[in-house]
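First comes the structure, then the notes that go with it.
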């Protein structure tokens, strides 16, 4: 069995697209929400309620999207997701009313499933399965800077341009940065697959640490942990940025 190379370039590329994906599709929302509410003549609660419904819809569709990632490859689906993210951001920008905006926001959260952690982790496994665990750890570290980068960027942009123009700028990031990176990674997956077949490389199988009879309980505990983490993250998204960037609630 030949040693599998550590995919440094892939991790760097995904680090870029993950920061863009989380920064533009999630963390920027709390900065722009007050301006969105004013433009559509609705309350801030209505805007965040629309986000909650969109996140719920994305969660319901996640199992099917995961099957597509396994069937068609993470690279292809991330490329598709970046295109869909760009389109949905444009749709949000040109929404004539609040209901149309909520519909476009739902498409954004569906696209997010295809460009954020779930798809990126699958891509690293498909690209270099024997070193995937270490690759995922490094990617998570890099992508953790998304809020640190995009909260101040979005706040600064809001002083110069409208939220619609900001979303159009974010759409360009997905179209002109993320799509090319994901296309290159798609080719890398195909190339690495052919190389493993030629060299007869063996992928290390992982049966898990929990015995079979404890896996359901383990799944429930992980589900509770992830849900609690998401609740805390959402609270920080809504309230934390107001303390960090109080001027963001005022559109200049």
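Residue numbers (this note's numbering): 3 to 254. We put the CB at the ideal spot given by N, CA and C, even for glycine. These numbers were taken from a predicted model, which means no experiment stands behind them.
Residue i to residue j span [Cα, whole Å]
i: residue 118; j: residue 16; result: 9 Å
i: residue 141; j: residue 147; result: 11 Å
i: residue 38; j: residue 27; result: 15 Å
i: residue 154; j: residue 41; result: 22 Å
i: residue 112; j: residue 64; result: 8 Å
i: residue 234; j: residue 187; result: 33 Å
i: residue 173; j: residue 22; result: 10 Å
i: residue 88; j: residue 44; result: 25 Å
i: residue 69; j: residue 223; result: 23 Å
i: residue 62; j: residue 49; result: 20 Å
i: residue 135; j: residue 127; result: 8 Å
i: residue 218; j: residue 228; result: 15 Å
i: residue 171; j: residue 67; result: 26 Å
i: residue 73; j: residue 150; result: 34 Å
i: residue 18; j: residue 51; result: 29 Å
i: residue 14; j: residue 125; result: 13 Å
i: residue 221; j: residue 123; result: 19 Å
i: residue 213; j: residue 226; result: 20 Å
i: residue 57; j: residue 215; result: 32 Å
i: residue 181; j: residue 189; result: 13 Å
i: residue 211; j: residue 79; result: 30 Å
Cβ distance (whole Å) where residue i is taken to contact residue j below 8 Å
i: residue 81; j: residue 184; result: 4 Å
i: residue 133; j: residue 47; result: The pair is not a contact, with the Cβ atoms about 45 Å apart (cut-off 8 Å).
i: residue 93; j: residue 12; result: At roughly 30 Å, the Cβ-Cβ gap does not stay under 8 Å, so residue 93 and residue 12 are not in contact.
i: residue 77; j: residue 115; result: The pair is not a contact, with the Cβ atoms about 15 Å apart (cut-off 8 Å).
i: residue 165; j: residue 34; result: 4 Å
i: residue 179; j: residue 168; result: Incorrect: roughly 16 Å between the Cβ atoms, too far for contact.
i: residue 176; j: residue 84; result: 5 Å
Where the alpha helix (DSSP H) containing residue i begins and where it ends
i: residue 46; result: 46–74
i: residue 213; result: Careful: residue 213 lies outside any alpha helix (DSSP H) and carries neither H nor E.
i: residue 99; result: Residue 99 -> no alpha helix (DSSP H), and no H or E assigned at all.
i: residue 40; result: 31–42
i: residue 19; result: 10–24
Residue i and residue j closer than 7 Å at C-beta
i: residue 25; j: residue 152; result: yes
i: residue 110; j: residue 90; result: yes
i: residue 54; j: residue 156; result: no
i: residue 9; j: residue 97; result: no
i: residue 20; j: residue 145; result: yes
i: residue 121; j: residue 71; result: yes
is_contact[residue i, chain B] using C-beta, thresh 7 Å
i: residue 185; result: Reference to chain B is not applicable here, since this structure consists of a single protein chain.
Output the residue ranges of the beta strand (DSSP E) runs that lie fully inside the stretch 122–164 and measure 3 residues or longer, sorted by chain position. none
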